[in-house]
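Below is one structure, written out as structure tokens; comments come after it.
Protein chains: 2
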Amino acid sequence: MTRDKHHKHHDSALKVNQGVEQPESVSKSAVDRYKKISRQLFLPEEYFRGIINGDRTMLSRAITLIESTNKNHQEIAQEVIEKCLPLSGRSLRIGITGVPGVGKSTFIEALGKKLTSSGHQLAVLAIDPSSSRTKGSILGDKTRMEALATDKNAFIRPSPSAGSLGGVARKTRESIILCEAAGFDVIFVETVGVGQSETAVNAMVDFFLLLMLPGAGDELQGIKRGIMEMADAIFINKADGDNLKKAQRAKTEYQNALHLYPPTESGWVPKVGTCSAMTHEGIEEVWDTIKQYESLTKSNGFFEQKRQEQKLMLMFDAIDQKLKNDFYLNKTMKAALDAVREEVLSDKISSYVAAQRLVALYYGEKKR
Amino acid sequence: MTRDKHHKHHDSALKVNQGVEQPESVSKSAVDRYKKISRQLFLPEEYFRGIINGDRTMLSRAITLIESTNKNHQEIAQEVIEKCLPLSGRSLRIGITGVPGVGKSTFIEALGKKLTSSGHQLAVLAIDPSSSRTKGSILGDKTRMEALATDKNAFIRPSPSAGSLGGVARKTRESIILCEAAGFDVIFVETVGVGQSETAVNAMVDFFLLLMLPGAGDELQGIKRGIMEMADAIFINKADGDNLKKAQRAKTEYQNALHLYPPTESGWVPKVGTCSAMTHEGIEEVWDTIKQYESLTKSNGFFEQKRQEQKLMLMFDAIDQKLKNDFYLNKTMKAALDAVREEVLSDKISSYVAAQRLVALYYGEKKR
């Protein structure tokens with residue numbers, strides 16, 4: 007298959023050949039070979055056509071390729087992403103987090119159904135680095151969002167499994183590109199709220215929503231420090247029945263706490279509200295809040311500015327991660343680090359001198 | 007001059023010769039040469055002897071060497087640090103931050119005088135990456151701490167000037183080592199409270215104190231998000247006269263806000279108090295709080311654990327910084343980054359593919 011016109015830009019980009027796999031055009035014979043030994047594989051163009059024509063099965067297959075660690079799958083995946091890239095961006099990306107037990111699934115289902123029944127196409131993705139191939143993930147669990155799982159205007163995808171947080175975050179980010187090319191205009195990215203995932207999610211969404219339980223005074227909610235400040239809105243869930251008064255009190259406490267922070271760059275004042283995913287009380291308010299944020303930040307330019315910054319940030323983070331991983335995963339460096347660790351801890355050499363020596367050793371290694 | 011016995015450990019450390027300056031023993035003739043063309047220079051052993059014998063002038067000279075960008079000064083400095091390292095660690099390191107105007111100088115003087123008059127030896131250092139050789143720094147300004155500047159039990163040092171935050175932080179960290187070898191048992195490290203310095207300071211102190219103004223509801227206090235959560239104690243300064251009630255209200259607000267956070271790893275509950283550096287009200291309470299923290303964390307092992315973690319963290323940070331700086335300061339990479347930036351922003355290539363290509367190009371460069 008000849009190279010698609012989407013590949014023209016390759017000529018103007020860097021010429022890089024030094025030992026790193028780059029997405030190449032995949033020949034039909036190569037695909038045929040793989041078809042025999044693995045699950046069904048298609049050509050990049052076929053995935054792309056399927057995605058933009060609303061074929062959910064092709065979309066799922068393409069995302070599975072993204073999540074695969076198989077090198078050939080990765081090559082195909084990168085080509086599909088490349089084709090989808092010019093068609094990405096046309097959605098509202100919302101990060102949703104909260105500790106286990108706060109009712110994320112019920113909430114996502116309630117808000118999700120509201121959106122799908124008013125004309126939106128909703129994709130629900132998740133980032134959970136603790137998920138595994140065998141055990142799965144507690145997020146994006148279709149059994150807990152049954153009404154949404156069977157909704158033709160919704161698409162739910164569990165978290166990519168295992169690997170590093172950086173790896174999982176990248177795969178989710180790339181899945182967003184595909185979903186947007188597929189026409190989804192609202193994308194939820196769910197995280198657990200007790201790990202490092204929130205920072206990763208915040209770097210790829212437009213709006214960050216934090217769900218809290220009504221027992222606000224209870225420090226055991228376990229939300230990591232720093233996450234509260236990331237939130238564009240905090241909603242106290244399960245504000246129903248006996249918990250209504252508690253939820254109201256919690257709302258006041260969080261409003262006071264947020265009041266102590268400096269103004270945000272966007273000019274947006276983080277909102278605190280209450281809701282009940284069960285009774286659906288306040289769900290409308292959540293969406294109104296998100297739309298208000300969108301309206302403000304699109305009119306003052308912050309929305310687009312943030313997206314541009316995120317693209318560069320993701321690139322810089324990926325560079326930094328690669329430089330570090332190559333260093334720390336290097337066999338010689340691992341051994342050297344272990345040797346030097348004791349000396350630093352027992353004050354035989356300073357942290358800085360240790361670092362200098364290790365990096366110098368590494369550069370010597372790289373020259374070989 | 008033969009190598010000092012403190013250098014024995016070099017034989018067990020890494021053998022590194024690949025193009026990086028390592029502290030070497032400085033010959034007497036080299037020093038004599040430099041004496042002719044620069045300010046007075048001494049041998050590492052002479053600085054060391056002076057420092058441990060309480061010679062403040064030698065301590066100052068040694069810190070000046072640490073701050074110098076001159077390669078030969080650096081060599082001597084590193085040897086002095088190496089000698090001091092086994093004698094370091096025997097102090098309480100306290101980070102003090104707050105916006106300009108909160109009264110840090112008056113506060114440091116009030117608390118400082120209390121300490122020096124009760125038998126302590128106090129060193130006051132500062133981290134202010136915005137300081138310059140000509141303009142100096144707003145921190146560690148001796149004219150604003152006159153009583154302390156003339157106190158024979160105190161030693162005040164303005165921030166190292168300019169350079170990166172990482173560079174300034176390193177120099178301050180190394181100065182701490184010298185001050186501890188010199189016998190100072192309490193060390194203040196002051197920062198401005200509006201930059202990135204706080205994270206750097208938090209990584210090198212035992213206790214982090216945040217000073218706030220009484221007008222707590224005023225978001226314009228300008229304290230960066232995240233700093234409040236770092237604090238082991240928050241003291242509302244200028245709690246005197248007409249501001250007394252305001253200060254009390256602020257104290258309650260911050261106590262409520264801190265209450266919403268998860269428990270700290272140390273088991274310490276961050277304290278909120280009020281004080282007046284002018285009337286000296288509450289200054290005693292500040293010191294009591296710090297001593298309580300010390301007592302708790304030394305008995306449960308957290309104090310030592312934190313110090314060990316900091317040593318390693320500083321090493322890893324220095325490694326990461328070096329890997330990144332060498333990449334981003336590389337001429338070829340700078341040009342390549344500029345070329346690729348536009349393509350990423352206009353969705354021609356994904357952030358990740360851009361990163362992969364750049365790093366591959368870089369490794370090709372390094373092999374030359």
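If you're matching them up, the sequences are chains Y and W in order. Under this note's numbering, the first residue of the first sequence carries the number 7, and numbering increases by one thereafter. Under this note's numbering, the first residue of the second sequence carries the number 7, and numbering increases by one thereafter. Virtual Cβ for every residue (Gly too), placed ideally from N, Cα, C. A quick note: this is a predicted structure, and the numbers were derived from the prediction, not measured.
Item, Value
"Is the separation between the beta-carbon of Y/Ile-355 and that of Y/Val-365 shorter than 9 Å?", "no"
"Of all the CB atoms in chain Y, is at least one closer than 9 Å to the CB of W/Gly-3?", "Residue 3 of chain W is absent from the model: chain W starts at 7 and stops at 374."
"Which chain Y residues are close to W/Gly-95, counting only those with a beta carbon under 9 Å from its beta carbon?", "Asp-353"
"Could you run through the segment 245-271 of chain Y and flag, in chain order, every residue whose CB is less than 8 Å away from some CB of chain W?", "Glu-259, Tyr-260, Asn-262, Ala-263, His-265, Leu-266, Tyr-267, Pro-268 and Pro-269"
"Closest to W/Glu-152 by CA distance: which of W/Glu-115, W/Ile-87 and W/Val-359 is it?", "W/Glu-115"
"Beta carbon of Y/Ile-233, beta carbon of Y/Ala-256: below 9 Å?", "no"
"Taking Cβ to Cβ, would you say Y/Val-174 is nearer than 9 Å to Y/Asp-134?", "yes"
"Does any residue of chain Y have a CB that is nearer than 9 Å to the CB of W/Asp-238?", "no"
"Would you kindly work out how many angstroms separate the C-alpha atoms of W/Gln-327 and Y/Ala-324, rounded to a whole number?", "15 Å"
"Name, going along the chain, the residues of the segment 305-331 of chain Y whose beta-carbon falls closer than 9 Å to a beta-carbon of chain W.", "Gln-314, Gln-316, Lys-317, Leu-318, Met-319, Leu-320, Met-321, Phe-322, Asp-323, Ala-324, Ile-325, Asp-326, Gln-327, Lys-328, Leu-329 and Lys-330"
"Going by C-alpha to C-alpha distance, which of Y/Phe-333, Y/Thr-197 and Y/Asn-249 sits closest to Y/Cys-281?", "Y/Asn-249"
"If I'm right that Y/Ala-253 touches Y/Glu-287 with Cβ under 8 Å, what's the distance once you round it to whole angstroms?", "The Cβ separation is near 10 Å, so there is no contact."
"Using a cut-off of 8 Å between C-beta atoms, extract the partners of Y/Leu-65 located in chain W.", "By Cβ distance, chain W contributes nothing, its closest Cβ being about 18 Å from Y/Leu-65, past 8 Å."
"Measuring only between beta-carbons, confirm whether W/Met-234 sits less than 9 Å from chain Y.", "yes"
"Strictly below 9 Å CB to CB, what residues from chain W border Y/Ala-132?", "The premise fails here: Y/Ala-132 is roughly 19 Å from chain W at the closest Cβ pair, so nothing lies under 9 Å."
"Which runs of the alpha helix (DSSP H) at least 4 residues long sit entirely within the segment 60-134 of chain Y? Give them in chain order.", "62-73, 77-90 and 110-122"
"Give, in chain order, every residue of the segment 79-106 of chain W whose Cβ lies closer than 8 Å to some Cβ of chain Y.", "Gln-84, Ile-87, Glu-88, Leu-91, Pro-92, Ser-94 and Gly-95"
"Which chain Y residues are close to W/Leu-364, counting only those with a beta carbon under 7 Å from its beta carbon?", "Ile-325"
"Using a 10 Å radius around the Cβ and a threshold of 16 neighbouring Cβ atoms, would you call Y/Arg-96 buried or exposed?", "exposed"
"Short of 8 Å in beta carbon distance, which residues of its chain neighbour Y/Glu-300, apart from the five on each side in sequence? Order them along the chain.", "Leu-98, Asp-212, Phe-213 and Phe-309"
"Could you check whether the Cβ of Y/Tyr-358 sits closer than 9 Å to any Cβ belonging to chain W?", "yes"
"What separation, rounded to the nearest whole angstrom, lies between the Cα atoms of Y/Leu-71 and Y/His-79?", "5 Å"
"Can you give the Cα-Cα distance for Y/Lys-373 and W/Tyr-369, rounded to whole angstroms?", "9 Å"
"Under the rule that 16 or more other beta-carbon atoms within 10 Å means buried, what is Y/Arg-67, buried or exposed?", "buried"
"Cα separation between W/Gln-110 and W/Ile-193?", "One detail in the question is off: residue 110 of chain W reads as Lys in this sequence, not Gln. When rounded, the distance between both Cα atoms is 15 Å."
"Just to confirm the assignment: which complete beta strand (DSSP E) runs, minimum length 3, are found wholly within the segment 262-310 of chain W?", "277-280"
"Among residues of its own chain, excluding the 5 on either side of Y/Arg-179, which ones have a beta-carbon nearer than 6 Å to its beta-carbon?", "Met-210"
"If the cut is a Cβ gap below 7 Å, which residues of chain Y does W/Phe-54 touch?", "Within chain Y, no residue comes near W/Phe-54; the closest Cβ sits about 15 Å away, beyond 7 Å."
"Which whole-angstrom value describes the C-beta separation of W/Asp-353 and Y/Pro-50, a residue pair presumed to lie in contact below a C-beta threshold of 8 Å?", "Between Y/Pro-50 and W/Asp-353 the Cβ distance is about 17 Å, and since that is not below 8 Å, they are no contact."
"Ignoring anything shorter than 4 residues, give me the alpha helix (DSSP H) runs that lie fully in the segment 148-224 of chain W, in order along the chain.", "152-155, 171-187 and 203-208"
"Is it buried or exposed, W/Lys-89, if we count other Cβ atoms within 10 angstroms and call 16 or more buried?", "buried"
"Compare the C-alpha of Y/Ala-188 against each of Y/Arg-313, Y/Phe-161, Y/Phe-322 and Y/Thr-197 and name the closest.", "Y/Phe-161"
"Express the C-alpha separation of Y/Leu-264 and Y/Val-275 in angstroms, rounding to a whole number.", "9 Å"
"Taking Cβ to Cβ, would you say W/Ile-240 is nearer than 9 Å to W/Leu-117?", "no"
"Checking contacts by CB at 9 Å: is Y/Ala-206 closer than that to chain W?", "no"
"I'd like to check one pair, W/Val-195 with W/Ala-132: are the Cβ atoms closer than 9 Å?", "yes"
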